[in-house]
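A quick write-up on the structure given underneath.
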Amino acid sequence: MNPLRKSVVVGVAAAMLVLASCSNQPSTPGSTGGAADKTLTIAETNPPQTFDPIQSSQIATMYAWQHLYNGLARVDAQGELQPDLATEWKASDDGLTYDFTLRDGVTFSDGSPLTADDVVFSFERLLTKGLPYSQSRFADLESVKAVDATHVQFKLKKPNAGFLLNVGSPFFIGSAILSKKFASSNDPKTTVLGTGPFKVQSYTPNQELVLVRNDKHWNKDALPDYGTLRIKYMPDQSAQVAALSSGQVDLIFPSAENAVQLEKNAKIKVESVKGTNTMRLNINSGRKPFDNPDVRRAISLSLDRDEIVQGAFLGKAEPSAQIPPSLPGALPLSELPHQTRDVAKAKELLAKAGYANGLKITLDHLAGYATYLDRFAQLVKSQLAEAGIEVVIEANQNSVWLDHQNNAKYDIMDNVYSFNGDPMTLLSPRPGRQGPTPAEVTAAMAKATAGSPEDYRSNLQALMKLENDLVFPDIAVAAPMSMIAFGERVSGAEPDPTLARQFLADVTVK
1016 MNPLRKSVVV
1026 GVAAAMLVLA
1036 SCSNQPSTPG
1046 STGGAADKTL
1056 TIAETNPPQT
1066 FDPIQSSQIA
1076 TMYAWQHLYN
1086 GLARVDAQGE
1096 LQPDLATEWK
1106 ASDDGLTYDF
1116 TLRDGVTFSD
1126 GSPLTADDVV
1136 FSFERLLTKG
1146 LPYSQSRFAD
1156 LESVKAVDAT
1166 HVQFKLKKPN
1176 AGFLLNVGSP
1186 FFIGSAILSK
1196 KFASSNDPKT
1206 TVLGTGPFKV
1216 QSYTPNQELV
1226 LVRNDKHWNK
1236 DALPDYGTLR
1246 IKYMPDQSAQ
1256 VAALSSGQVD
1266 LIFPSAENAV
1276 QLEKNAKIKV
1286 ESVKGTNTMR
1296 LNINSGRKPF
1306 DNPDVRRAIS
1316 LSLDRDEIVQ
1326 GAFLGKAEPS
1336 AQIPPSLPGA
1346 LPLSELPHQT
1356 RDVAKAKELL
1366 AKAGYANGLK
1376 ITLDHLAGYA
1386 TYLDRFAQLV
1396 KSQLAEAGIE
1406 VVIEANQNSV
1416 WLDHQNNAKY
1426 DIMDNVYSFN
1436 GDPMTLLSPR
1446 PGRQGPTPAE
1456 VTAAMAKATA
1466 GSPEDYRSNL
1476 QALMKLENDL
1486 VFPDIAVAAP
1496 MSMIAFGERV
1506 SGAEPDPTLA
1516 RQFLADVTVK
């Protein structure tokens, strides 16, 4: 598909969240009657840091945005661009100008109409107030203007083959459309007015978010068959399993071991699909000896990805490079350098780099995030030891781990990368998190970005081969499956491969 050349027709503040026009009262799990009386209760592990879609890089925070906002377009799980608030878009021949036609009849959840001014406001706000993480998705955006009430024009500083894919991010990273009038007089960090299928009824920080169906939504077919979505924040996964088993919640996102446990429960159904997230080892190439590509290659060659899939993920994953096998454009690991375990070769490279007697390094481990991550760290330690690399695991809480990541204060660290629409985000170095980007990587990235949309996939594949040869900026190891588990009150549900939460509007509740 060529989305550029076609026109498609088709931690939060402790105070209670201020509500944007919502009067429905939530019902209880298992309530009967009409659709408005039915409730879907789910458990999430981490509460949102903010409701502002330009102010967080944490995927768990984005889950809340996804129920409340829309973007102009959306990239689906197959990597294809689909209409959303825009029904069609056209690109100029030079790839510098994009014209979007807004969908007729779209309103925000308070009934106010969506206009081109809202789109302009949302993107100008991103460019002036967004986190660097959000702004980087639109680094080549020069300006956006309203042509008239239903047409918006974007101008780029230079061609960017991934521009539309970032506009269509299913996680709305910088691309969610806000109401200009509402956001100008309310704080989007704690107040929400969107065009999504749900609107906020109440939020108790760190405990519960209650959403109700937005009956003013422009697509009636996209509305849920239930009236209330109750999201309970439960950091302990064992407590989530207990709540699901007892009927206190209807659906959870289980870990691998909990999925194995729940599959034995006849009253619980577990559904899984191949996922698009990737388990990574970040390597600080700005610190010796990791500035030497041979040391990085030795680390990658020491890893037994099949053993990690079985040991860390209990078989509920698959070996993966930066672009996971479930996405278009993924390459077989056999075509990528240093992805197949070879301990003898790893030792040779270490000796060549001056470490014939081995070396000692520290793994910065994110403690308390997930049990699979704990098992992953132990497997990395034991596997690297076979090549003569002694690994000391330093377990850090989230705040310390983030500080080490963002300021490159680590040797190696475990991490999880999410797919957000544009595959380039899975290949891009993170500024400040490792050493300087090799010139050949910079050139390959520029070629892919400036190239035609038709060549984008093949250019990204060339970039992936180069990065795997240099083992920069990180090592991708596995792609976990996307899993959900639900009880008897749910009669139908299918997880999204990207871990996006929009699928919850399609869940059928008895």
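Here the working numbering = 1-based position in the sequence shown + 1015.
For every residue, glycine included, the Cβ atom is placed at its ideal position computed from N, Cα and C.
Here the structure is a predicted model, which is why all the values come from computation and not from measurement.
Just list the residues that DSSP pairs residue i with in beta bridges.
| i | result |
| --- | --- |
| F1115 | W1104, V1167 |
| R1295 | N1430, A1491 |
| K1214 | V1227 |
| G1507 | T1523 |
| E1059 | Y1248 |
| A1088 | P1098 |
| I1158 | The sequence shown places Ser at residue 1158, not Ile. According to DSSP, S1158 bridges with K1170. |
So which of the options has the shortest CA-CA distance to residue i?
| i | options | result |
| --- | --- | --- |
| T1130 | T1143, L1277, T1116, L1156 | T1116 |
| G1094 | G1436, V1264, P1446, A1493 | G1436 |
| W1080 | T1065, R1089, S1217, L1266 | T1065 |
| L1224 | K1525, R1140, P1062, V1264 | P1062 |
| T1112 | L1171, L1146, L1481 | L1171 |
| E1455 | R1445, L1442, L1441, L1481 | L1481 |
| P1128 | V1275, H1232, S1506 | H1232 |
| T1219 | A1332, I1246, L1378 | I1246 |
| D1132 | A1198, N1422, Q1150, L1238 | A1198 |
| A1461 | K1173, R1302, L1374 | K1173 |
| P1468 | S1217, E1139, L1083, P1438 | P1438 |
| D1114 | G1120, T1102, I1188, S1414 | T1102 |
Between which residues of its own chain and residue i is the CB-CB distance below 7 Å, once the five residues before and five after are set aside?
| i | result |
| --- | --- |
| G1326 | R1390, L1394 |
| D1306 | S1300, G1450 |
| L1277 | V1256, P1269, I1283, V1285, A1500 |
| G1466 | A1176, N1474 |
| Y1432 | N1292, T1293, R1295, L1441 |
Taking only beta-carbon atoms, is residue i less than 9 Å away from chain C?
| i | result |
| --- | --- |
| P1063 | Judged by its chain identifiers, the structure shown contains no chain C, having just a single protein chain. |
In the DSSP assignment, the alpha helix (DSSP H) including residue i goes from what residue to what residue?
| i | result |
| --- | --- |
| Q1337 | Q1337 -> no alpha helix (DSSP H), and no H or E assigned at all. |
| L1180 | 1178 to 1182 |
| R1312 | 1308 to 1317 |
| K1367 | 1358 to 1367 |
| K1331 | Counting along the chain, K1331 falls outside any alpha helix (DSSP H), and DSSP gives it neither H nor E. |
| S1287 | Unbroken run through S1287 is the beta strand (DSSP E), 1284 to 1288; no alpha helix (DSSP H). |
| A1131 | 1131 to 1144 |
| K1235 | That residue, K1235, is in no alpha helix (DSSP H); it is neither H nor E in DSSP. |
| A1079 | 1074 to 1080 |
| Q1276 | 1271 to 1277 |
Measure the alpha-carbon distance for residue i versus residue j and round it to whole angstroms.
| i | j | result |
| --- | --- | --- |
| D1099 | L1208 | 17 Å |
| I1069 | R1472 | 27 Å |
| D1511 | V1288 | 8 Å |
| A1271 | L1388 | 11 Å |
| T1056 | R1504 | 10 Å |
| L1346 | I1490 | 15 Å |
| R1320 | A1493 | 7 Å |
| T1047 | Y1241 | At T1047, the pLDDT of 39 sits below 50, so the modelled position is not reliable and the matter cannot be decided from this model. |
| D1251 | L1142 | 37 Å |
| L1514 | N1372 | 43 Å |
| F1186 | T1291 | 13 Å |
| S1107 | K1160 | 16 Å |
| V1486 | R1089 | 31 Å |
| S1151 | S1261 | 44 Å |
| L1179 | S1335 | 25 Å |
| Q1168 | P1453 | 35 Å |
| I1298 | P1446 | 13 Å |
| L1329 | S1315 | 21 Å |
| T1076 | W1104 | 29 Å |
| A1313 | A1366 | 10 Å |
| S1341 | I1074 | 19 Å |
| L1087 | D1119 | 13 Å |
| F1518 | V1134 | 25 Å |
Which residue comes first and which comes last in the beta strand (DSSP E) that contains residue i?
| i | result |
| --- | --- |
| S1261 | No beta strand (DSSP E) holds S1261; the alpha helix (DSSP H) holding it covers 1252 to 1261. |
| R1245 | 1243 to 1248 |
| V1407 | 1404 to 1411 |
| F1501 | 1497 to 1501 |
| I1192 | No beta strand (DSSP E) holds I1192; DSSP gives it neither H nor E. |
| T1377 | 1374 to 1381 |
Return the chain-ordered list of same chain residues with a C-beta closer than 8 Å to the C-beta of residue i, the five sequence neighbours on each side being excluded.
| i | result |
| --- | --- |
| S1036 | Low per-residue confidence applies at S1036: pLDDT is 37, beneath 50, and the placement is therefore not dependable enough to give any value. |
| Q1255 | A1058, T1060, M1249, V1264, I1267, P1269, N1273 |
| D1163 | A1131 |
| N1411 | D1379, H1380, L1381, A1382, H1419 |
CB-CB under 6 Å to residue i, same chain, minus the five flanking residues each way: which ones, in chain order?
| i | result |
| --- | --- |
| E1401 | V1358 |
| S1137 | I1192, L1193 |
| V1310 | P1304, A1368 |
| G1507 | T1523 |
| G1110 | P1174 |
| Y1425 | N1299, D1379, H1419 |
| V1407 | T1377 |
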